[in-house]
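Reviewing the structure listed below.
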Amino acid sequence: MKRSPSAAKPASPNAATLSGAEAIVRFLKDSGVDTLFGYPGGQVIPLYDALYDSGIKHILARHEQGAIHAADGYARTSGRTGVVIATSGPGATNLVTGLANAHMDSVPLVAITGQVPTTSIGSDSFQEADIYGISIPITKYNYLVKNPADLLDILAEAFYIASSGRPGPVLVDVPKDVQTAQIPYGPPAEVSIPSYNPSPQPHKEEVEALAAALSRSLRPIFYVGGGAVTTESAPEILRLAEESDVAVVSSLLAKGTFPDDHPLSLGLPGMHGAKYSNLAINESDLVVGLGVRFDDRVVGDVRRFAPLARVAHVDIDPAEIGKRLSVDIPVSGDLKLVLKLLLKLVKAKKRPAWRERVVKLKEEHPFVIPAAKGAIKPQAAIRAISEVANGEAVVVTDVGQHQMWAAQLIAAKKPRRFLSSGGLGTMGYGLPAAIGATLADPGVPVVLVSGDGGFQMNIQELATIRQYDLPVKIVISNNGCLGMVRQWQEFFFQKRYSQTIFPYNPNFAEIGQVYGIPSRRIADPGEVQAAVRALLETPGPGLLDVLVEPEENVLPMIPAGKGQTDFFEN
-5 MKRSPSAAKP
5 ASPNAATLSG
15 AEAIVRFLKD
25 SGVDTLFGYP
35 GGQVIPLYDA
45 LYDSGIKHIL
55 ARHEQGAIHA
65 ADGYARTSGR
75 TGVVIATSGP
85 GATNLVTGLA
95 NAHMDSVPLV
105 AITGQVPTTS
115 IGSDSFQEAD
125 IYGISIPITK
135 YNYLVKNPAD
145 LLDILAEAFY
155 IASSGRPGPV
165 LVDVPKDVQT
175 AQIPYGPPAE
185 VSIPSYNPSP
195 QPHKEEVEAL
205 AAALSRSLRP
215 IFYVGGGAVT
225 TESAPEILRL
235 AEESDVAVVS
245 SLLAKGTFPD
255 DHPLSLGLPG
265 MHGAKYSNLA
275 INESDLVVGL
285 GVRFDDRVVG
295 DVRRFAPLAR
305 VAHVDIDPAE
315 IGKRLSVDIP
325 VSGDLKLVLK
335 LLLKLVKAKK
345 RPAWRERVVK
355 LKEEHPFVIP
365 AAKGAIKPQA
375 AIRAISEVAN
385 GEAVVVTDVG
395 QHQMWAAQLI
405 AAKKPRRFLS
415 SGGLGTMGYG
425 LPAAIGATLA
435 DPGVPVVLVS
445 GDGGFQMNIQ
455 ELATIRQYDL
465 PVKIVISNNG
475 CLGMVRQWQE
485 FFFQKRYSQT
495 IFPYNPNFAE
505 IGQVYGIPSR
515 RIADPGEVQA
525 AVRALLETPG
535 PGLLDVLVEP
545 EENVLPMIPA
555 GKGQTDFFEN
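Mind the numbering: the sequence shown is residues -5 to 564 in our numbering, read in order.
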């Protein structure tokens, strides 16, 4: 991707002269950015000085990884581009996991990093790191700004690239002397990048082929992914499904886009998905992927995925179509535009036998929470969250067993109300992402479901919650181990629990109290419902440390690389 040599336009004779740092701040304000996340350091002091009285709300994280995950949570909840700032060297490299996480999950972010002066680049200066080179594989695009005159046009391009087409993170590395240089400030030119032309308009012939296949199908399934969230396609999916009795399964990132309590909803498919969702895919005659990657955790053995079905795939990124699974009907384009055209082409068609089969499968293979025998079952705590929240909260998860139980048991009814690290599976994501979600939509309750492993990876962000008095509700499923890895060791490694058992865990309730957050620990199964209700209904932040059965497993489970019906029984 190359920038247009004509992107920059001559400054107006009356343009204000600003430092590069001041120009960045002015650009952010003019672009509607009112909240950003970051952590200061030597090579971004000019930028932080410009932010001092800018009016932009800056959220001071306690670690750069916390800052970028918070920006990620903000972007996923709001639909806007998240912005994060970090200094050079370790500040920038601490963003790497967050960049990779956003890249895998197609989250629009712009990361602005400080860099040593241009005259010092390549000399191993103090806190110098080639974040431009480091981040190439894990960003949608990135820049090293060497000429102050290019700064504003690069920023405009960065925001355009991050949010257009298939969204993703863009990094802009700004040397300190570029931040202090004086440049004229004027509105940047309209973005023109010859080698980057997202083409969201679908080909009518492709959509017509999909419409014909859908009309002929007797047992169709929509497999909905994160692209449906990005394109705000929930209304069109709901209408199509209801008019034509199409069953719907949802990826982890799309949870809530189609209401979990809808009769046609089959929830999460794949490795830890519902037995009924996998069986329905196995019986279906048409699987239509809508803005989804057909990732390995869902597809498993590609030779045995949906053996009776034709496969259609709608995606804005043509590189995804056919990448993992052979596709019979490819449709490249903006999902919402495809669905609008599909609604014009497909006549409503009821499929009572298929609808009845979907309902029967759910009745025959429900999620069952085992009875407690002394210790709290983690599923019970998560089911209580679902019942108390009633679909009105943003639920954020960390990564591990609790993540899968949350995906199975929490009823999400709206898009952007369930946040989780999908493709990268980043432990430590949950707590800072919940902070970003709270700031993105202050009127909606935010509940974090975490585990004792992931929670400790960014536990320092409790200070951020307290500093800004953010009403994040935290539920820790505390089993004293790295539960998901321990589960695999139990099933496939003869219970050789190598480095997955925590011989010591702190009392998280006491830690919460030290941070000034009202906290409580429970161990009695009879306390779960009341404790969760009290947590969610009490104003302000709160923490509930739930001591749960340490050897509980996430079931059903399809082992990696196996077929759609190869369910592993405990």
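All C-beta atoms, glycine included, are put in the ideal place defined by N, C-alpha and C. These numbers were taken from a predicted model, which means no experiment stands behind them.
Can you tell me the Cβ-Cβ gap for G116 and T81, rounded? I've got them flagged as a contact below 8 Å.
-> By one-based count along the sequence shown, residue 116 stands at place 122. By one-based count along the sequence shown, residue 81 stands at place 87. The pair is not a contact, with the Cβ atoms about 18 Å apart (cut-off 8 Å).
Mind reading off the beta-carbon distance from Q481 to S492? Whole number of angstroms is fine, and I expect it under 8 Å.
-> Counting from one through the sequence shown, the residue named residue 481 turns up at place 487. Counting from one through the sequence shown, the residue named residue 492 turns up at place 498. Not quite, the Cβ-Cβ distance comes to about 13 Å (not below 8 Å), so this is no contact.
Short Cβ contact (8 Å threshold) for Q558 with R298 = For the purposes of this step, residue 558 is identified with residue 564 of the sequence shown, where counting begins at 1. For the purposes of this step, residue 298 is identified with residue 304 of the sequence shown, where counting begins at 1. Yes, these two residues count as a Cβ contact at 8 Å.
Reduced DSSP category for R514 - H, G, I as helix; E, B as strand; rest coil = Residue mapping note: residue 514 aligns to position 520 of the sequence shown, counting from 1. Strand, per DSSP.
DSSP puts S259 in a beta bridge; with which residues?
-> Numbered from its first residue, the sequence shown carries residue 259 at position 265. Under DSSP, S259 forms a beta bridge with V242.
Mind reading off the beta-carbon distance from A203 to I323? Whole number of angstroms is fine, and I expect it under 8 Å.
-> The residue you call residue 203 lines up with position 209 of the sequence shown. The residue you call residue 323 lines up with position 329 of the sequence shown. Correct: roughly 5 Å between the Cβ atoms.
Where does Y498 fall in DSSP's three states?
-> Locating residue 498 in the sequence shown gives position 504, where the first residue counts as 1. Three-state DSSP puts Y498 in coil, outside helix and strand.
On the three-state DSSP scale, how would you describe S13?
-> Working through the sequence shown from its first residue, we reach residue 13 at position 19. In the structure shown, the three-state DSSP call for S13 is strand.
CA-CA distance, G316 and E455?
-> As a first step, residue 316 must be located in the sequence shown, where it is residue number 322. As a first step, residue 455 must be located in the sequence shown, where it is residue number 461. C-alpha separation (whole angstroms): 40 Å.
So, are the CB atoms of V78 and I62 less than 8 Å apart?
-> Looking up residue 78 in the sequence shown gives position 84. Looking up residue 62 in the sequence shown gives position 68. Yes. Within cutoff.
Given a cut-off of 8 Å, decide if A55 and T458 are closer than it, judged by their beta-carbon atoms.
-> The sequence position of residue 458 within the sequence shown is 464, counting from 1. The sequence position of residue 55 within the sequence shown is 61, counting from 1. Yes, the Cβ-Cβ distance between T458 and A55 is below 8 Å.
Would you mind working out which of L329, G437, F252 sits nearest G534, comparing C-alpha positions?
-> What you label residue 534 is simply residue 540 of the sequence shown in a count that begins at 1. Check the Cα spacing between G534 and each of L329, G437, F252: the tightest is with G437.
Under the assumption that N88 contacts H57 (Cβ atoms under 8 Å), give the Cβ distance between them as a whole number of angstroms.
-> Taking the sequence shown and counting its residues from 1, the one referred to as residue 88 is at position 94. Taking the sequence shown and counting its residues from 1, the one referred to as residue 57 is at position 63. So it is a contact: roughly 7 Å between Cβ atoms.
What is the DSSP secondary structure of A598, reduced to helix, strand or coil?
-> In this structure the chain extends from -5 to 564, so residue 598 is not present and cannot be described.
Got a sec? Which residues, its chain only, sit under 6 Å from L574 by beta carbon, not counting five neighbours each side?
-> Residue coverage of the chain in this structure runs from -5 to 564, which leaves residue 574 outside it and unanswerable.
Helix, strand or coil at F485 [DSSP, three-state] = Position 491 of the sequence shown, counted from the start, is the residue given in the question as residue 485. Here F485 sits in helix by DSSP.
Straight-line gap, G417 to V101 (C-alpha atoms, nearest Å) = Looking up residue 417 in the sequence shown gives position 423. Looking up residue 101 in the sequence shown gives position 107. Roughly 11 Å separates the two Cα atoms.
Spatial distance of K3 from P182 (CA atoms) | Locating residue 3 in the sequence shown gives position 9, counting from the first residue. Locating residue 182 in the sequence shown gives position 188, counting from the first residue. Residue placement at K3 is flagged as unreliable, the pLDDT there being 48, under the threshold of 50; the coordinate-derived value follows with that caveat. Cα to Cα, K3 sits roughly 7 Å from P182.
With DSSP run on the structure shown, which of helix, strand or coil describes L331?
-> Here residue 331 is taken as the residue at index 337 of the sequence shown, counted from 1. Here L331 sits in helix by DSSP.
CB of A152 within 8 Å of CB of V164, strictly | Reading the sequence shown from its first residue, position 158 is the one you call residue 152. Reading the sequence shown from its first residue, position 170 is the one you call residue 164. Cβ distance < 8 Å, so A152 and V164 count as in contact.
Is the distance from the Cβ of K371 to the Cβ of E545 below 8 Å?
-> Position 377 of the sequence shown holds residue 371. Position 551 of the sequence shown holds residue 545. E545 is positioned such that its CB atom lies no closer than 8 Å to that of K371.
CB-CB under 6 Å to I125, same chain, minus the five flanking residues each way: which ones, in chain order?
-> In the sequence shown, the residue the question calls residue 125 occupies position 131. By the criterion of a C-beta distance shorter than 6 Å, I125 is surrounded in its chain by A86, T107, D167, once the five residues flanking it on both sides are discounted.
Quick one: any contact between the region 210 to 223 and the region 177 to 195, if contact means 3 or more CB pairs under 8 Å?
-> Fewer than three pairs of CB atoms, one per stretch, sit closer than 8 Å, so the region 210 to 223 makes no contact with the region 177 to 195.
Leaving out the 5 sequence neighbours to the left and right, which residues in its chain are closer than 7 Å to A207 when beta-carbon positions are compared?
-> To locate residue 207, count along the sequence shown from 1; it is residue 213. Around A207: L280, R304, A306, I323.
With C-beta atoms as the reference, is L593 less than 8 Å away from V242?
-> The chain is shown from -5 up to 564; residue 593 falls before or after that span and cannot be answered.
First and last residue of the uninterrupted beta strand (DSSP E) at K51 | Position 57 of the sequence shown, counted from the start, is the residue given in the question as residue 51. Counting along the chain, the beta strand (DSSP E) containing K51 begins and ends at 51 to 54.
If you run the structure through DSSP and keep just helix, strand and coil, what is Q373?
-> Translated into the one-based positions of the sequence shown, residue 373 becomes position 379. In the structure shown, Q373 sits in a helix (DSSP, three-state: H, G or I).
Return helix, strand or coil for N276, following the three-state DSSP convention.
-> For this step, residue 276 is matched to residue 282 along the sequence shown. It is helical.
Over what stretch of residues does the alpha helix (DSSP H) that includes V566 continue unbroken?
-> Any property of residue 566 remains undetermined from this structure, which presents the chain solely from -5 to 564.
Enumerated in chain order, which unbroken segments of the beta strand (DSSP E) with a length of 3 residues or greater are wholly contained in the region 25 to 69?
-> Those beta strand (DSSP E) runs which fall completely within the region 25 to 69 and span 3+ residues are 29 to 32, 51 to 54.
Excluding sequence positions up to five away, which residues of its chain have a Cβ less than 7 Å from the Cβ of W399?
-> As a working note, residue 399 is residue 405 in the sequence shown. Taken in chain order, the residues that qualify are P372, Q373, I376, V548.
Neighbour-count burial assignment, I155, 16 or more Cβ in a 10 Å radius | Translated into positions along the sequence shown, residue 155 becomes position 161. It counts as buried.
Is it buried or exposed for A517, if we count other Cβ within 10 angstroms and need 16 for buried?
-> Within the sequence shown, residue 517 is the residue found at index 523, counting from 1. A517 should be labelled exposed.
Can you name, in chain order, every residue of its own chain whose Cβ lies under 7 Å from the Cβ of I148, other than the five neighbours on each side?
-> As a position in the sequence shown, residue 148 is number 154, starting the count at 1. If the five residues before and after I148 are omitted, its C-beta is found closer than 7 Å to the C-beta atoms of Y137, V139, V166, all from its own chain and listed in chain order.
From Y42, L442, S380, L333, residue whose alpha carbon lies closest to that of D539 = By one-based count along the sequence shown, residue 539 stands at place 545. Among Y42, L442, S380, L333, the Cα nearest to that of D539 belongs to L442.
Would you report the Cα separation of M478 and V389, rounded to the nearest angstrom?
-> One-based indexing of the sequence shown puts residue 478 at position 484. One-based indexing of the sequence shown puts residue 389 at position 395. Computed Cα separation, rounded: 20 Å.
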